[in-house]
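Here the structure is laid out as structure tokens; the discussion comes afterwards.
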Amino acid sequence: MGQFRQFKLKINVILPKFHLVFEGWALKYSKRLGTIVIAAAVAMMVLAAWANVAIVLSNGLTRVETFNLIWPLTLASSVAVILVMSVLYETLCDLVLQLEKQKDLARSVALQDALTGVSNRTLLMDRLEQALRQKKRDDVQVALLIIDLDRFKSVNDTFGHDVGDQVIREAASRFKNRLRDVDTLARIGGDEFAVLLSSVSGSAGAEKACQDLLSGISDVFQYSGKKIHLGASIGAVLADAEDTAADLMQKADIAMYKAKKGGRNQYKLFSSNMNIAAKRRRQIEEHLRLALSTGDGLDVHFQPIMAKDQSIISVEGFLRWTNESFGSISPGEAIPIAEECGLIDEIGAFVIEQCCDVAHRFPEITLSINLSSLQFRDQSLSWRIEQQIKNSGLSCSRFELEITEKLLIDQSPEFVENLGKLRKAGFRIALDDFGTGYSSLNCLHELAIDTLKLDSTFVASAKRNHSIALLRSAVALGHANGMQVIAEGVSNEGHREIAFMSGCDGMQGHLIAAPMERRELANFFDSHPQQRSEVA
Numbered sequence: 169m170g171q172f173r174q175f176k177l178k179i180n181v182i183l184p185k186f187h188l189v190f191e192g193w194a195l196k197y198s199k200r201l202g203t204i205v206i207a208a209a210v211a212m213m214v215l216a217a218w219a220n221v222a223i224v225l226s227n228g229l230t231r232v233e234t235f236n237l238i239w240p241l242t243l244a245s246s247v248a249v250i251l252v253m254s255v256l257y258e259t260l261c262d263l264v265l266q267l268e269k270q271k272d273l274a275r276s277v278a279l280q281d282a283l284t285g286v287s288n289r290t291l292l293m294d295r296l297e298q299a300l301r302q303k304k305r306d307d308v309q310v311a312l313l314i315i316d317l318d319r320f321k322s323v324n325d326t327f328g329h330d331v332g333d334q335v336i337r338e339a340a341s342r343f344k345n346r347l348r349d350v351d352t353l354a355r356i357g358g359d360e361f362a363v364l365l366s367s368v369s370g371s372a373g374a375e376k377a378c379q380d381l382l383s384g385i386s387d388v389f390q391y392s393g394k395k396i397h398l399g400a401s402i403g404a405v406l407a408d409a410e411d412t413a414a415d416l417m418q419k420a421d422i423a424m425y426k427a428k429k430g431g432r433n434q435y436k437l438f439s440s441n442m443n444i445a446a447k448r449r450r451q452i453e454e455h456l457r458l459a460l461s462t463g464d465g466l467d468v469h470f471q472p473i474m475a476k477d478q479s480i481i482s483v484e485g486f487l488r489w490t491n492e493s494f495g496s497i498s499p500g501e502a503i504p505i506a507e508e509c510g511l512i513d514e515i516g517a518f519v520i521e522q523c524c525d526v527a528h529r530f531p532e533i534t535l536s537i538n539l540s541s542l543q544f545r546d547q548s549l550s551w552r553i554e555q556q557i558k559n560s561g562l563s564c565s566r567f568e569l570e571i572t573e574k575l576l577i578d579q580s581p582e583f584v585e586n587l588g589k590l591r592k593a594g595f596r597i598a599l600d601d602f603g604t605g606y607s608s609l610n611c612l613h614e615l616a617i618d619t620l621k622l623d624s625t626f627v628a629s630a631k632r633n634h635s636i637a638l639l640r641s642a643v644a645l646g647h648a649n650g651m652q653v654i655a656e657g658v659s660n661e662g663h664r665e666i667a668f669m670s671g672c673d674g675m676q677g678h679l680i681a682a683p684m685e686r687r688e689l690a691n692f693f694d695s696h697p698q699q700r701s702e703v704a
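In my numbering, the protein residues as written are 169 to 704.
What follows is the structure in structure tokens.
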């Protein structure tokens with residue numbers, strides 16, 4: 169028995185090399201391993217017996233002597249073969265078991281998300297295809313949800329990526345707790361999840377799942393004393409008979425973006441109308457890329473901002489795009505598409521270039537340029553704008569950059585950093601459409617805004633006494649913080665009178681002029697003094 173253990177120990181010592189040689193063979197024939205080893209053992213015993221006979225006969229012994237010698241030799245060699253083959257069989261079994269475990273582990277790792285432990289995109293697509301086959305076979309309802317965490321980037325920016333990872337893990341855990349065992353939760357992107365609902369009870373079941381998931385994510389996340397509030401935008405789609413897995417992913421994604429545009433922290437069920445809108449969006453994106461490369465159809469129109477004495481305070485540039493297929497496309501439609509497909513910086517550079525041309529032509533005029541919230545996420549924004557204007561031979565003080573209240577509310581580190589650099593470079597800063605958001609008085613003071621542009625609803629509704637009081641309060645707020653106050657949406661004499669009676673420093677709207685081409689701007693300036701008005 170001691171010799172057997174020593175022999176087995178020697179086998180185990182050479183096991184790593186044995187694995188390299190035999191692992192492919194062992195896996196291939198693992199189901200017939202016992203039969204193969206027994207057959208090999210029998211063959212070896214037969215060969216050993218014949219070898220023993222040959223050896224004994226060659227020594228010229230008598231039959232009795234031969235018989236008495238052969239049986240012990242045959243028995244001994246058989247026992248040796250059995251011992252060797254037993255160790256070999258055990259070793260092969262261990263090898264097969266290890267290899268199977270390694271395969272299972274590799275398969276599990278390949279199909280799981282490393283951060284959260286839930287399924288990944290590969291496993292989701294595989295199960296989605298299986299569910300669609302089951303739908304055709306058994307006529308069951310299948311739904312797919314895509315979930316995008318709202319404003320998750322600000323979590324990473326504010327608290328760091330370690331906290332961001334913890335939030336993702338916690339979100340996955342909350343989602344999983346709200347789902348059935350038969351459902352599949354997968355992480356398919358940085359802050360994006362997908363849910364496959366198998367055998368769901370139609371649109372009602374899909375909506376119930378969406379509501380449960382939104383409820384689960386709405387609770388406050390707490391990490392090391394930090395409180396984080398998150399929401400989610402969910403797009404849901406019920407599978408049709410002809411849908412593929414890729415079709416469902418696309419439709420759910422379209423519905424999710426619809427939910428995000430609708431105000432976030434909500435869900436939307438996919439409809440055929442969304443498909444039409446998505447098709448238009450893709451076509452507009454293609455035409456926009458072409459227009460930016462050729463310049464065809466793109467232009468900037470300019471609208472003057474006038475002081476009480478009818479002098480021109482500044483001129484605001486507005487992007488205009490006319491396309492052969494779609495006609496005139498509004499900035500409200502084009503800009504979000506440009507942001508989604510990564511074209512917003514090119515559009516921004518185009519608008520600045522056109523404004524620089526006008527600034528050269530009218531050296532006394534300040535040019536106002538709108539910046540989108542997405543542009544402020546780029547830490548190089550301030551440098552790029554400053555360089556483009558300086559390369560054109562102009563001073564940054566000739567330009568006023570307009571931002572929205574949304575940026576003041578979000579207060580991302582990139583926004584604060586870019587805004588500080590832009591002010592340091594000499595740009596004036598204007599807050600556009602004031603009154604439509606929820607910016608705090610503290611934000612207005614801390615960020616040192618130069619111009620407060622009141623939303624058009626202030627003058628449009630100011631015929632009512634309480635609305636006039638609101639308008640005057642907004643003007644007083646701006647003046648108290650050292651801002652120039654402009655009334656937007658002034659379209660008739662009544663609006664003009666209300667704006668200036670309330671203390672506004674300037675006005676902008678169709679009463680003065682609609683946005684116009686550059687050649688029309690020259691004619692306008694011929695009849696109005698070109699003078700930059702400041703707050704006294």
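Glycine included, every Cβ here is placed at the ideal spot set by N, Cα and C.
Taking C-beta separations shorter than 6 Å and ignoring five residues to either side along the sequence, the partners of Asp359 in its chain run Leu317 and Phe320, following chain order. Beta-bridge annotation (DSSP): Thr490 is paired with Ser496. Ile515 and Arg457 have their alpha carbons spaced roughly 10 Å apart. Counting along the chain, Phe518 sits inside the alpha helix (DSSP H) bounded by residues Ile512 to Arg529. Taking the Cα of Gln298 as reference, the smallest distance to any Cα among Leu347, Arg346 and Ser367 is reached at Ser367. Rounded to the nearest whole angstrom, the CA to CA distance from Asp387 to Ser461 is 47 Å. Around Ala630, the same chain offers Ile636, Leu639 and Ile666 as residues with beta carbons nearer than 6 Å, after the five sequence neighbours per side are excluded.
It is roughly 13 Å from the alpha-carbon of Cys509 to the alpha-carbon of Gln543.
Here Arg596 is not near Glu554, since their CB atoms are 8 Å or more apart. For the 8 Å CB-CB criterion, Gly603 and Ala642 form a contact. Taken through DSSP and simplified to helix, strand or coil, Ile537 comes out as strand.
For Asp467, the enclosing beta strand (DSSP E) begins and ends at Leu466 to Ala475. Proximity of the segment 396-403 to the segment 292-310 falls short of the contact definition, fewer than three beta-carbon pairs being nearer than 8 Å. One thing to note: Asp600 has its Cβ no nearer than 8 Å to the Cβ of Thr625. DSSP assignment within the segment 629-656 yields the following whole beta strand (DSSP E) runs of 3 residues or more, N-terminal first: 652-656. The segment 431-445 makes no contact with the segment 648-659; the number of CB pairs closer than 8 Å stays below 3. For Ile520, the closest C-alpha among the options Ser550, Tyr391 and Phe494 is that of Ser550.
Contact annotation: Gln418 and Ala681 have beta-carbon atoms that are not nearer than 8 Å. Here Leu689 has Phe470 as same chain residues with Cβ atoms under 6 Å from its own Cβ, once five neighbours each way along the sequence are excluded. Between Val483 and Leu535 the beta-carbon gap is near 6 Å, inside 8 Å, which marks them as a contact. Look at the beta carbons and you see the segment 369-387 not touching the segment 409-418: under three pairs across the two are nearer than 8 Å.
Between Gln390 and the set Phe327, Asn443, Ala414 and Asn288, the nearest pair of CA atoms involves Phe327.
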